[in-house]
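Below you'll find the structure, written out as C-alpha cells, and then a few comments.
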Amino acid sequence: MSATDDGPRAYPFGPTHRLDIDPELAEVCDEQPVLRVRLPFGGDGWLVTRYADVRTVLADPRFSRAEAVGDHVPRTVSAGLPRTSMLSMDPPEHTRLRRRVANPFTLRRVETMRPRAQEIVDELLDAMIASGSPADLTTALTWPLPVTMICELLGVPVADRDRFNSWVDGLLTLSDPELSNRDRGHLNDYLAGLVAERRTEPTPDLLGELAAVEGEESRLTEEELVGLGVSLLSAGQEATANQIGNFVYTLLSRPELWRSLVADPGLIPAAVEELSRVVPISATAGFTRIALEDLELSGQKIRAGDAVVAELGLANRDPEVFEEPDRIDFHRAPAPHVTFGHGVHHCLGAQLARMELRTAIESLVRRLPGLHLAVPAEQISWRTERLIRGAEALPVAW
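Here the sequence shown is numbered in my numbering, starting from 2 and rising by one per residue.
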C-alpha cells in the first residue's frame, strides 16, 4: 500500500466518521509514517503521523508557517489563512504579536475566570433542568458556555453571537473556498468596526486593551487586531464548543467512563487530558508548513519547498509513546499529547479551553450524575464538511 505505487494517495482517504480515526489511514501510516499525499487543495505534500516527527514539524523553525501563505500552497482547507493572522507568522513577527496577547491566557489569569465560567454553567444548567428531560446539550450548554466566555473576554457583544456563529461556521468549511472567504470577510468587517470604536473609546476588555496601546513598537495594526480576533473567536467558539460535546458524548456512549467520574470526581482533570489525547478534534490534518531546507523525517527525505502537514490524532496514539494507545485510561501518567499543538504555535487558549472543559464536566457530574444519552449513540448526527468535528445535536436525559 505504498503511496509511490500509483503516485500520491488522495488525502483524506474518506469522510470522517463520528470521532473515529480512519482505520485505513492508521494502517497505511503505520507502514509509511511520512506519506506522500495529494491534498484537497493546492497539490501534493507530506503527511507526518508519528509523535516525534509531528513535534519536530510543529516546533522546528525549519518548517515555516509564513511560507505557507497563499492559495497556491498545498493544504487541507478550502481557503488559506491571510498573512496577517498570527497563525501564519514565523518568529520574530509571531513572537512580537504573541507576547502582546499572551497575558490573559496564562494559567494564573485563566484561574481568575473560573468563577465566571462556573456562574455561566450554573445558569445554563438551571435553565436546562427547569425545562425538563430530555434536552439537547449542544444548545443548552456546550455552545453557550465558550461563546459567552470568549465574547466577554474580547468585548464582543453576546447579542451578536448568532451572526458571527454563522460566519465562523462558514469560515471553517473544508470544501467551499468562496463561502470561507466570504464569511472571513464578514468577520473581518465586523471586528474592524469594533477595533475602530475602541481606538476612540477604550474599553476594559482584551480588544480595548490592545487597541489602546501606544508606541510604534507595541501598537498593533488594525489588520493584526482583526486577525487576532478572528483566530480567538474561531478557536474559543468552534473548537471548545465542539470538544465539550465530543467529550460528553464519549463519556456517555461508554457509561463505565461516566460512572468512574461520578464515583471519583477528582479524576476529572486527568480525564480532560486523556480525552484531549484520544478524541480527535480536527476532521483532517492541520495547517501546512513549508520546509525551508532539505532534511529527513523517519528516514524520508523532505526537500526545501515541500509542503508538510501533521496528523495530530495519529500522533496522540503513537504506541512508542502511549501504552495501549487506543484505550482510554484516566489513571494514565500525564499525557504529553499534541492536541493543543507544540512549539511557538502551541494553542494560545489551551488553558482557557481546559478550564471550560473541566468546569462543564465537573458541573454535569455533580448535578446530573444519572445523565445518559437520550437516543442510541448510533443515532447521533454529526457535522460534516467542517474542519472541527462535532455533533449536530446531543440529546441527553437524566
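Think of the CB as a built atom: it goes at the ideal place given N, C-alpha and C, for glycine as much as any other residue. Since we're looking at a predicted model, the values are computed, not measured.
Less than 7 Å between the beta carbons of residue i and residue j, yes or no?
{"i": "S289", "j": "A80", "result": "Note on residue identity: the sequence assigns Thr, not Ser, to residue 289. Cβ atoms of T289 and A80: not closer than 7 Å."}
{"i": "V29", "j": "W47", "result": "no"}
{"i": "E42", "j": "E25", "result": "The sequence shown places Phe at residue 42, rather than the Glu named in the question. Going by C-beta atoms, F42 is not nearer than 7 Å to E25."}
{"i": "A305", "j": "E294", "result": "yes"}
{"i": "H338", "j": "R278", "result": "yes"}
{"i": "V159", "j": "T149", "result": "yes"}
{"i": "A351", "j": "H373", "result": "no"}
{"i": "V38", "j": "R10", "result": "yes"}
{"i": "A378", "j": "S254", "result": "yes"}
{"i": "V309", "j": "V58", "result": "yes"}
{"i": "V214", "j": "A361", "result": "no"}
{"i": "A292", "j": "I303", "result": "yes"}
{"i": "G246", "j": "S86", "result": "no"}
{"i": "E275", "j": "R328", "result": "no"}
{"i": "F331", "j": "A271", "result": "yes"}
{"i": "S65", "j": "D91", "result": "yes"}
{"i": "P370", "j": "V263", "result": "yes"}
{"i": "Q244", "j": "I269", "result": "no"}
{"i": "T17", "j": "A284", "result": "yes"}
Grab me the residues of residue i's own chain with a C-beta within less than 7 Å of its C-beta, minus the 5 sequence neighbours each way, in chain order.
{"i": "T174", "result": "S79, L180, S181, E386 and R387"}
{"i": "G230", "result": "L155, L192 and L208"}
{"i": "L172", "result": "S181, D184, R185, L188 and S235"}
{"i": "E198", "result": "none"}
{"i": "A67", "result": "S89, M90 and D91"}
Would you kindly work out how many angstroms separate the C-alpha atoms of residue i and residue j, rounded to a whole number?
{"i": "E363", "j": "D161", "result": "29 Å"}
{"i": "A118", "j": "Y250", "result": "21 Å"}
{"i": "R384", "j": "R390", "result": "7 Å"}
{"i": "V111", "j": "P105", "result": "7 Å"}
{"i": "L395", "j": "L296", "result": "45 Å"}
{"i": "D265", "j": "H187", "result": "46 Å"}
{"i": "V196", "j": "S299", "result": "46 Å"}
{"i": "D432", "j": "R19", "result": "Residue numbering for the chain in the displayed model covers 2 to 399; residue 432 lies beyond these limits and cannot be assessed."}
{"i": "L258", "j": "R367", "result": "15 Å"}
{"i": "E324", "j": "S176", "result": "36 Å"}
{"i": "I22", "j": "I130", "result": "34 Å"}
{"i": "Q238", "j": "I151", "result": "7 Å"}
{"i": "A60", "j": "H347", "result": "9 Å"}
{"i": "T5", "j": "V74", "result": "Because the pLDDT at T5 is just 49, under 50, the model does not fix this residue reliably, and the point stays unresolved."}
{"i": "E202", "j": "S134", "result": "45 Å"}
{"i": "A128", "j": "P116", "result": "19 Å"}
{"i": "R100", "j": "T340", "result": "22 Å"}
{"i": "D137", "j": "A212", "result": "38 Å"}
{"i": "L232", "j": "D170", "result": "Per the sequence shown, the amino acid found at residue 232 is Ser instead of Leu. Their backbone Cα atoms lie some 13 Å apart in a straight line."}
With DSSP as the reference, please indicate the residues paired to residue i in a beta bridge.
{"i": "W47", "result": "R37 and V309"}
{"i": "A392", "result": "W383"}
{"i": "E297", "result": "K302"}
{"i": "L374", "result": "V397"}
{"i": "T113", "result": "According to DSSP, which records beta bridges pairwise, T113 is partnered with nothing at all."}
{"i": "D137", "result": "P396"}
{"i": "S283", "result": "I389"}
{"i": "A11", "result": "R39"}
{"i": "R63", "result": "In DSSP, R63 forms no bridge with anything."}
{"i": "R76", "result": "F42"}
Could you tell me the boundaries of the beta strand (DSSP E) in which residue i lies?
{"i": "V397", "result": "P396 to A398"}
{"i": "I303", "result": "Q301 to I303"}
{"i": "A292", "result": "R290 to A292"}
List the endpoints of the continuous alpha helix (DSSP H) containing residue i.
{"i": "E94", "result": "E94 to V102"}
{"i": "E274", "result": "I269 to V279"}
{"i": "I151", "result": "P145 to L155"}
{"i": "L20", "result": "Segment: none, L20 is in no alpha helix (DSSP H) and carries neither H nor E."}
{"i": "M90", "result": "Where M90 is concerned, there is no enclosing alpha helix (DSSP H), given that its DSSP letter is neither H nor E."}
{"i": "Q352", "result": "A351 to R368"}
{"i": "H187", "result": "P178 to T201"}
{"i": "F341", "result": "Where F341 is concerned, there is no enclosing alpha helix (DSSP H), given that its DSSP letter is neither H nor E."}
{"i": "S254", "result": "T241 to S254"}
{"i": "N166", "result": "R162 to L172"}
{"i": "R56", "result": "Y52 to A60"}
{"i": "A212", "result": "L207 to A212"}
{"i": "V231", "result": "E223 to L234"}
For residue i, which residues from the same chain have a beta carbon less than 6 Å from its beta carbon, with the 5 sequence-adjacent residues on both sides left out?
{"i": "I381", "result": "A392"}
{"i": "T50", "result": "C30, P34, E312 and L315"}
{"i": "Y52", "result": "A316, D319 and V322"}
{"i": "A242", "result": "T143, W144 and P147"}
{"i": "M2", "result": "A caution first: M2 carries a pLDDT of 36, below 50, which makes its placement in the model unreliable, though a value can still be read off. Closer than 6 Å at the Cβ level, and outside the excluded window around M2, lie V29."}
{"i": "R84", "result": "V70"}
{"i": "Q301", "result": "V35"}
Going along the chain, which residues of its own chain have a beta-carbon closer than 8 Å to the beta-carbon of residue i, five neighbours each way excluded?
{"i": "V273", "result": "F248, R355, L358, R359 and I362"}
{"i": "S167", "result": "D184"}
{"i": "L98", "result": "M87, M90, L221, E225 and L229"}
{"i": "D72", "result": "F42, G43, A80, G81 and P178"}
Beta carbon of residue i: closer than 6 Å to some heavy atom of the ligand FAD?
{"i": "R260", "result": "In terms of ligand content, the structure shown is empty, and the ligand FAD therefore cannot be addressed."}
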